[in-house]
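Here the first sequence is numbered in the numbering used here, starting from 3 and rising by one per residue. One structure below.
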Amino acid sequence: MKSNTGHRNDQGRVAEEGEEVCGEQLGAMENARKRCQAPSTSKSLMATEDDPYKIDPLIALIDMDCFYVQVELRLEPEWRGKPAIVVQYKTRHKGGGIIALSYEARERGVKRFHHADDAREVCPEVKVFVVPELHGKADLTRYRDAGAEVIRVMKKHFHCVERASVDEAFVDLTKEVKQLLPRYLSKELKLTPEALGSTCIAESHSVEAWLDQLYLKLEEDPEAFVASSVQLNNFALAIGAVLVNDLRQDIINVTEFHCSGGISYSKTLSKLACGLNKPRKQTVLPGNAVGPLFNKTNIIDVRMLGGKLGRSIIENLCISTMGELCKVEVPKLRQYFSEETARWLASLAVGIDNEPVQERDLPKSIGCSKNFLGKEALSTREQVKKWMEHFVSELSVRLKKDQAENNRSASLLTVSITYVKDPFKIKSGQSCSRCAPMTSYDNEAMVYDAFMVADRLLTSLGYRNGRYHYAVINLGISASKMRDGGFTASRIDSYFRGQKKKEVDDSQIFPGNKYSELKVKGRDASKIQLGKAKEVRERKGSITKYLNQASPRKDAQGGQASHHQQQKVRTEHMESKSDTETRLGQLLQATRSQRMGKVRRLFPARFTDEGGTRLGGRQRRRVPQ
DNA sequence: TATTATGACGCT
DNA sequence: CAGCGTCATA
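Shown next, in the form of structure tokens:
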């Protein structure tokens, strides 16, 4: 929780005794839990005439093994079976950083976080693949495309697939398994070790024994078996394992890529199961194995507990495993966490999470970014402009491909910046982001908008003698808010954009106030807040409205900032104004002089000197106690 | 200087 | 809702 003073939690109620122990930002830390609050899909537990068997939801996680390495090995198969790594930025620090390593390389002692040179030291024969570079940055296209290939295969098998990252996806198997259940129960189909292929059973030594046990119970008393949710769930799990095994084999057949899988009752459990036997194996995690498994599972290794919340649990409760967490009573948890989080943790500790698998096989945003560390840090307009051009070059290709393949287009362009006062002294800087409407996939337009947004923000933090006061150590742009179809006339801003290109005088293009109705997509014009209700001219540009609020939000930075928000004229900026205009004129040569009238408006006279200064000095929020 | 480059999502 | 923080993984 970033903006309160320690006496309110994230629900806004008054903190009870003990809650302050955790520090003011606990609520923010607990956000991770919120997405897991969907109600249980108890529908699947209901036995009806149509649906006589009640089973728990069945969820699988498919995770590609050292994916980037596999992608490279498919291109150069002669290296298969040998230690191999994928690094990016070969010419940089220690031969480039490792982002993927083969299991052969792991066996030879190569570690994550090693660099290429480290890897060669422990394993001289290691094959080093280098991520392609384009536009001066790492280009991950080939891995994204390979990931899409895999997803396509998965969609062929299952309706509900959630792309969780470039190389992993959750699958809800419940429906498919339910359909097959009667045929397996009736012996029309048979569960065999062969059908389960590379399956392991968590906390069990043999798939055969586990299956035998299952069938023994079924033979013994079929009616009792069907009536027992425990038995039925195990049976369903085995069917799920067959389906996932088939899927994994098909992925190999179609893509040549190998993967691991986890099959259980929730995202958390299937994710955990998937990691138990890697690579090229899948693991079933039955309900009765959760307890024993949790006894030896580190809290940090459980999904959603790998970050601050997990560390906070470990420190506050002086425990380290899920088994120990399971023994902690809810009231004890409530000493450190909110009511909801306490209950969520208690459920999780017994293996329950109700987060549904979302049916989504496409990314929701498409972006690119790059770090600029040390002397690479950007501090001039020229540098920022240049990199925006590079980013847009990459992004526009990806966006156009996405548009053609998926019949959708982005409506929001977001610029993200991390900046520091001194790139040699500060490790982590201030992050901020600003956005503008995305109205076309025209490179020039995107560069213009992205640079304007970035420059406006950085300049507001200080600009003198051709340099920003702050050095940019990370810069990125991202396209999001995908809408169906292409850019149409109904996309209001594309109308404005089109006019802009014609170089027609603004006052003729926007003669009346009727434009206010069109100004913001999908929003009631009456709700638009334009601060001082300026003339139409000031709001005409598609990004002007956004730029009007481009100054950093002090109150969002760390809570008490608002106390110091006196506004004051930044005299040094005023001095540099003419300089600003000149430089921009050159930088934005590609754009039209007609825009320059607007450019001037992008630099209002008033800036918050105090705020800008403090933003640089004030850094991270405190670490949880 | 030193993981980097992505991506999803919740809160205010 | 725009912007920030958290979590995650190649």
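Where is the CB? At the ideal position from N, CA and C, for every residue including glycine. All of these numbers come straight from a predicted model, not from anything done at the bench.
Integer-rounded CB distance, given that residue 63 should sit under 8 Å from residue 267: 12 Å between Cβ atoms; not a contact.
Nearest-angstrom beta carbon gap, residue 339 and residue 347 [assumed within contact, 8 Å]: With 8 Å as the limit, residue 347 and residue 339 qualify as a contact, their Cβ atoms being about 7 Å apart.
Spatial distance of residue 556 from residue 459 (CA atoms): Here the model assigns residue 556 a pLDDT of 44, short of 50, so the residue's position is not dependable and the matter cannot be decided.
For residue 399 and residue 484, the rounded distance between their alpha carbons: Rounded to the nearest whole angstrom, the C-alpha separation of residue 484 and residue 399 is 16 Å.
Meets three-Cβ-pair contact criterion under 8 Å: the stretch 452-472 and the stretch 376-391: Output reads yes: the stretch 376-391 touches the stretch 452-472.
Whole alpha helix (DSSP H) elements within the stretch 103-151, 4-residue minimum: Every alpha helix (DSSP H) stretch that sits fully inside the stretch 103-151 and reaches 4 residues is listed by chain position as 105-109 and 118-124.
Assumed close pair residue 478, residue 418 - CB separation to whole angstroms, cut-off 8 Å: At roughly 4 Å, the Cβ-Cβ gap stays under 8 Å, so residue 478 and residue 418 are in contact.
Run of the alpha helix (DSSP H) containing residue 402, from where it starts to where it stops: That run of the alpha helix (DSSP H) goes 383-408.
Exposed unless 16 or more other CB atoms sit within 10 angstroms - verdict on residue 264: With 16 or more Cβ atoms within 10 Å of its Cβ, residue 264 is classed as buried.
Where the beta strand (DSSP E) through residue 439 begins and ends: It spans 432-439 - the beta strand (DSSP E) in which residue 439 sits, taken as one unbroken run.
Residue 294 versus residue 270: straight-line alpha-carbon distance, rounded: The C-alpha of residue 294 lies about 16 Å from the C-alpha of residue 270.
Range covered by the beta strand (DSSP E) that runs through residue 172: First-last of the beta strand (DSSP E) with residue 172: 170-174.
Where residue 349 falls: helix, strand or coil (DSSP): DSSP, reduced to helix, strand and coil, places residue 349 within a helical segment of the structure shown.
Simplified DSSP state of residue 64, which is helix, strand or coil: Three-state result, residue 64: strand.
At least three beta-carbon pairs within less than 8 Å, the stretch 109-123 to the stretch 87-95: Here the stretch 109-123 makes contact with the stretch 87-95; the two share three or more CB pairs at distances below 8 Å.
Residues near residue 209 in its chain [Cβ-Cβ closer than 8 Å; skip 5 each side]: Answer for residue 209: 195, 198, 201, 202 and 203, listed in chain order.
Whole-angstrom distance between residue 128 and residue 482, CA atom to CA atom: Straight-line spacing of the CA atoms in residue 482 and residue 128 works out to 39 Å.
Option nearest residue 101 by Cα separation, candidates 77, 82, 69 and 378: Minimum Cα-Cα distance from residue 101 among the listed residues 77, 82, 69 and 378 corresponds to 69.
Integer Cβ distance of residue 238 from residue 57, believed to fall under 8 Å: That belief holds up - the Cβ atoms of residue 238 and residue 57 are roughly 4 Å apart, short of 8 Å.
Element boundaries [alpha helix (DSSP H), containing residue 229]: 224-229 is the span of the alpha helix (DSSP H), which, as asked, contains residue 229.
Every unbroken beta strand (DSSP E) inside the stretch 161-220 [3 residues or more]: If we require 3 residues or more, the beta strand (DSSP E) runs fully inside the stretch 161-220 come out as 163-167, 170-174 and 201-203.
Backbone secondary structure at residue 450 - three-state DSSP: In the displayed model, residue 450 falls within a helix according to three-state DSSP.
Beta-carbon proximity check, residue 2 vs residue 443, cutoff 7 Å: Here the chain comprises residues numbered 3 to 627, so residue 2 is not present and cannot be evaluated.
Nonlocal neighbours in the same chain, by C-beta distance under 6 Å from residue 305, ignoring five residues either side: Hits under 6 Å: 270 and 273.
Where residue 486 falls: helix, strand or coil (DSSP): Looking at residue 486 - three-state DSSP - the assignment turns out to be strand.
Paired residues, beta bridge with residue 480 - DSSP: Residue 480 has 369 and 416 as its beta-bridge partners, per DSSP.
Cβ distance (whole Å) where residue 253 is taken to contact residue 182 below 8 Å: The Cβ separation is near 20 Å, so there is no contact.
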